[in-house]
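This report refers to the structure that appears directly beneath it.
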Amino acid sequence: MSLLDLSRWQFAITVMFHMTFPAITVGLSIFLSVVYGLYWRTGRAVYLQMFRFWRRIFAVGFAIGVVAGAVITFQMGLNWGVYGAKTGPIIGPIIGMEVVTAFFVEAGFIGVLLYGDGRVRKGTMFVSTVMVSLGTVLSSTWIIAANSWMQTPAGFKVVHGQFEPTDWMRVIFNPSFVWRWPHMLAAVLISASFFVAGISAWYLVKGRAKGFARRSMSIALGIAALLMPVQLYLGDNVAGHELPYQLSKLEAIEGDWGNGNTGFVLFSVPDQQAARNIAELDIPCLGSYIAKDLTCKTAMPGLKLTPAADRPDMAATFWGFRVMFLAAVLMFGTVFAATVLRMRDRLWTARRFHRFVLWTTPVGILAILGGWVTAEAGRQPWIVFGQLRTSAAVSHLAPGEVLFSVIGFSVLYLIMLVAYVAYIVRTMRIGPERDDPRHEPPPRTGPPPLVELPAALGPKEVAAR
Amino acid sequence: MTTTLWSATVLLCLLMYVVLDGYDLGIGVATLFERDPAHRRHMLESVAVGWDGNETWLILLGVALWAGFPLAFGTLLPHAYLPVIVVLFSLVVRGVSVEMASQAPPAPRWTTAFGVASLLAAFAQGFALGTLTSAVHLRGDVYTGSAFGAFSWFCVLSGLTVTAGYTALGYAYTKHKSTGLLRQSAARRGVVATAVGGVLLVVLLFAVDATAAPLNLDSPGRAFAFAVLLLFATGGAGTSLITFPWKRQSGAADILPLGGLVIATVSVFLALGVARYPVLLPPGLTVDSTAGPHSTMVFILVGIGLNMPLVLAYNVFAHRAFAGKLDTEGAHS
Chain W
6 MSLLDLSRWQ FAITVMFHMT FPAITVGLSI FLSVVYGLYW RTGRAVYLQM
56 FRFWRRIFAV GFAIGVVAGA VITFQMGLNW GVYGAKTGPI IGPIIGMEVV
106 TAFFVEAGFI GVLLYGDGRV RKGTMFVSTV MVSLGTVLSS TWIIAANSWM
156 QTPAGFKVVH GQFEPTDWMR VIFNPSFVWR WPHMLAAVLI SASFFVAGIS
206 AWYLVKGRAK GFARRSMSIA LGIAALLMPV QLYLGDNVAG HELPYQLSKL
256 EAIEGDWGNG NTGFVLFSVP DQQAARNIAE LDIPCLGSYI AKDLTCKTAM
306 PGLKLTPAAD RPDMAATFWG FRVMFLAAVL MFGTVFAATV LRMRDRLWTA
356 RRFHRFVLWT TPVGILAILG GWVTAEAGRQ PWIVFGQLRT SAAVSHLAPG
406 EVLFSVIGFS VLYLIMLVAY VAYIVRTMRI GPERDDPRHE PPPRTGPPPL
456 VELPAALGPK EVAAR
Chain U
28 MTTTLWSATV LLCLLMYVVL DGYDLGIGVA TLFERDPAHR RHMLESVAVG
78 WDGNETWLIL LGVALWAGFP LAFGTLLPHA YLPVIVVLFS LVVRGVSVEM
128 ASQAPPAPRW TTAFGVASLL AAFAQGFALG TLTSAVHLRG DVYTGSAFGA
178 FSWFCVLSGL TVTAGYTALG YAYTKHKSTG LLRQSAARRG VVATAVGGVL
228 LVVLLFAVDA TAAPLNLDSP GRAFAFAVLL LFATGGAGTS LITFPWKRQS
278 GAADILPLGG LVIATVSVFL ALGVARYPVL LPPGLTVDST AGPHSTMVFI
328 LVGIGLNMPL VLAYNVFAHR AFAGKLDTEG AHS
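Chain order of the listed sequences is W and U. One gets this note's numbering by counting positions in the first sequence from 1 and adding 5 to each. One gets this note's numbering by counting positions in the second sequence from 1 and adding 27 to each.
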């Protein structure tokens, strides 16, 4: 494997691992705000129970997302030093804005969100929770602005090989940002909804903590039902507004090499070298229908239209898109079924549906990962589309150094992922019963405090003043 | 002008990071010397409420360098590749361990992982800072060094000094936040860590002249500022050494060790900055030769600069919300 391949694998591993966590925590932080707001307004114990339980799952996921995100910032200089030096004047300030307007907001209020329960007033608790979710949303905004600029660069000139901003409005509100941003926000809300609904479904299947589980699932599936149709519309527009700038990505997504296929390629094993598909399964005419031509005459453009040196890897782009698309169809079907069941008043008795929802827990996260593979692999061989090649952006490191980091990250991240899943399973088994304020456990017996000095006040007492 | 202002911002981020994550990593190192599991827990919990904010300064440091001095960002990180990778590995393990241990107690393995990762992170950070004294290899503007080319004994010395300094800060913070036996042991060990850090620092200041980036004290202004700052550092460290052992519960006994060490740390970094400016990496990478274009400088000075007061306010809020001592007498352990 070459230095370039190693660096790309390293980036793929670290960024996919990182993305898994925002896909859970951005939406979950908004969910926590909603739930705590409901508790604050209504005073009903079940909302506090929900807040406490979901916060346990949020806390660790958020921490992993933060530290794995920090890694990516430094990789831009470590492994992509030439990219860092050339795009720094544009990408650097955008990420800088993310740090000051989002990371510090999250960091400032996360302590209260996680440990302030019972130590601060309800209003402070609510504001802190809302501030954390605001931080996560702003963070996604800046990240999408930066990545969209790499997809559809605008508002710059090149001086001595370095990108110089000439119009910041055009840099930030670049052509693909406008649609990719709402698309991404809807995506993280939906993925978190399925995550919450799936875990809640487990309790319904087990017949445990029904009040808690029903309310969690009801909110989650309700949000998903509202957002799924919107998301299909947004996704279609992302394609419509980004692809005129990146035809090569569209060609790779469609899975055709030559022109003339009016069908939709459902399954394919592409051979990049020979520029043909080894195996392929089409749905006739569907490609033409998707292009809004019902006469079955509009053909999909093939990747051979793009010169061989500028072609993205078809397999990664094609399958990344298929994963996202099929997951979206599955999720749409799920929320459609949920809505029908709800209208017939059968949502809480449909046991097979609960079992099914349990299996859809990770589907939203998979859809997001698939979407990112499409966006990133489909942009290749460019790191800044049409301007800077990925092969020209990599740091000139010793391959051994990079191999060390790839192996290190892979092992470390695998352990972290297993630990997080094990933690979720353990938290689920222990269950939300301990978080129910109506069943406070009796105070633990033990020796009384040895001294009662005024200076020995805990944070609880100090903050309560 | 814009370049100088932005250099000051980068330096501010560095100082904030070193002081804040310094105490935070130092507490982690200190847990390794603590036998009592309840004490270890209390120390970890004092970190749990603030580590995220402290670490965010590291990200801002990196990004401030990237935005303002892109060429420096793109060469400095490959130059210090392996130590920085170790820092990142350790910070990942640390962040996850803190949350795992505080969300699902008792978690002895996560607590140990927290300590070991803190030690590794502190040492690797010092080591990475040490590589800033070895010459960088460039072809044109592009980094072309070898994997171990930037390493030297000086890096090891720098790693040890930073570890000792962080540990001293960690003990000072622990003394500030605790009561009873934990407070006593933090006071005792804090003296040792401060003394070791001080001795190592003196050796380091002599050793730096043998590297590719010796101290530049040619002009009287520099020499004067350097001397004054070192005087401050000595005063700060001296204050800590004297006040660490104060046993009586009083504001001064709790604040002065920490305050003295913060002053010492900031002064040392400022002194090294004075003796180095405007070199970023020897021999030829300077603040001016790596600065980004004017349009970027204006954007970051306005956009990020105006947010700085807010950022500091969030930091103050986060620390105020958990002000006061942890109940370390064992009632809730």
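All C-beta atoms in this analysis are idealised placements derived from N, C-alpha and C, irrespective of residue type, glycine included. Everything numeric in this text was worked out from a predicted model, so none of it was measured.
Query: Any C-beta of chain W sitting closer than 8 angstroms to the C-beta of U/Asp236?; Result: no
Query: Starting from W/Val164, follow the beta strand (DSSP E) in both directions and report where the run begins and ends.; Result: Phe161 to Val164
Query: Should U/Gly89 be flagged as near chain W, meaning a C-beta pair shorter than 8 angstroms?; Result: yes
Query: Does any residue of chain U bring its CB to less than 8 angstroms from the CB of W/Arg175?; Result: no
Query: Going by beta carbon distance, what residues of the same chain come within less than 7 angstroms of U/Leu242, once the five residues before and after it are set aside?; Result: Val235, Asp236 and Ala302
Query: Closest to W/Trp353 by CA distance: which of W/Ile429, W/Arg219, W/Leu119 and W/Phe58 is it?; Result: W/Arg219
Query: Roughly how many angstroms lie between the CA atoms of W/Val407 and W/Trp85, to the nearest whole one?; Result: 11 angstroms
Query: Quick one: residues in its chain with C-beta nearer than 7 angstroms to the C-beta of U/Ser25, no 5 flanking neighbours on either side, listed in chain order?; Result: Given that chain U is displayed from residue 28 to residue 360, the structure contains no residue 25 of chain U and the question cannot be resolved.
Query: In terms of residues, what are the limits of the beta strand (DSSP E) holding W/Phe168?; Result: Gln167 to Pro170
Query: Output needed for W/Arg449: all residues of its chain with C-beta closer than 6 angstroms, excluding positions within five of it in sequence on either side, in chain order.; Result: Because W/Arg449 sits at a pLDDT of 48, beneath the cut-off of 50, its placement in the model cannot be relied upon, and the point is left open.
Query: My output table needs one value for W/Ser273: the three-state DSSP class, helix, strand or coil.; Result: strand
Query: Please list the terminal residues of the continuous alpha helix (DSSP H) segment that includes W/Glu285.; Result: Run containing W/Glu285: none in the alpha helix (DSSP H); it sits in the beta strand (DSSP E), Arg281 to Ile288.
Query: Which of the three DSSP states, helix, strand or coil, is assigned to W/Thr311?; Result: coil
Query: Could you give the DSSP three-state label for U/Leu353: helix, strand or coil?; Result: coil
Query: W/Ala244 to W/Glu169, Cα distance in whole Å?; Result: 28 angstroms
Query: In the DSSP output, which residue or residues are listed as bridge partners for U/Tyr170?; Result: U/Leu165
Query: Can you tell which of W/Arg61, W/Asp10, W/Phe161 and W/Gly74 has the C-alpha that lies nearest to the C-alpha of U/Val322?; Result: A quick correction: the sequence has Ser, not Val, at residue 322 of chain U. Answer by Cα proximity: W/Phe161.
Query: Is there a Cβ of chain W sitting closer than 8 angstroms to that of U/Met28, yes or no?; Result: no
Query: If we ignore side chains and look at the alpha-carbon of each, how far apart do U/Val169 and U/Leu187 end up?; Result: 31 angstroms
Query: With a threshold of 8 angstroms between beta-carbons, can W/Ser205 be considered close to chain B, or not?; Result: Absent from the structure: chain B. Protein chains present are W and U.
Query: From U/Val74 to W/Ser145, what distance separates their C-alpha atoms?; Result: 27 angstroms
Query: List, in chain order, every chain W residue whose beta-carbon is nearer than 7 angstroms to that of U/Tyr170.; Result: Gly86, Ser400 and His401
Query: Considering only C-alpha positions, which residue in the set U/Lys204, U/Leu228 and U/Leu268 is nearest to U/Gly278?; Result: U/Lys204
Query: Give me the DSSP bridge partner(s) of U/Thr313.; Result: U/Val306
Query: By the 10 Å Cβ neighbour count, where 16 or more other Cβ atoms means buried, how is W/Lys302 classified, buried or exposed?; Result: exposed
Query: According to the neighbour-count rule (16 or more other Cβ atoms, all chains shown, within 10 Å of its Cβ), is U/Ala35 buried or exposed?; Result: exposed
Query: At which residues does the alpha helix (DSSP H) containing U/Val229 begin and terminate?; Result: Gly207 to Ala234
Query: Is the stretch 387-395 of chain W touching the stretch 61-72 of chain W, taking contact as three or more C-beta pairs under 8 angstroms?; Result: no
Query: Taking only beta-carbon positions, decide if W/Pro27 is within less than 8 angstroms of chain U.; Result: no
Query: Could you check where the alpha helix (DSSP H) with W/Trp85 kicks off and where it finishes?; Result: Neither: W/Trp85 is in no alpha helix (DSSP H) and is coded neither H nor E.
Query: With three or more C-beta pairs closer than 8 angstroms as the rule, is the stretch 260-270 of chain W touching the stretch 67-83 of chain W?; Result: no
Query: To which residues does DSSP link U/Leu244 through a beta bridge?; Result: Per DSSP, none; premise fails for U/Leu244.
Query: When DSSP labels each residue in this structure, what does W/Val389 get in the three-state scheme?; Result: strand
Query: Which one of W/Ile99, W/Phe109 and W/Met136 has the shortest CA to CA distance from U/Leu339?; Result: W/Phe109
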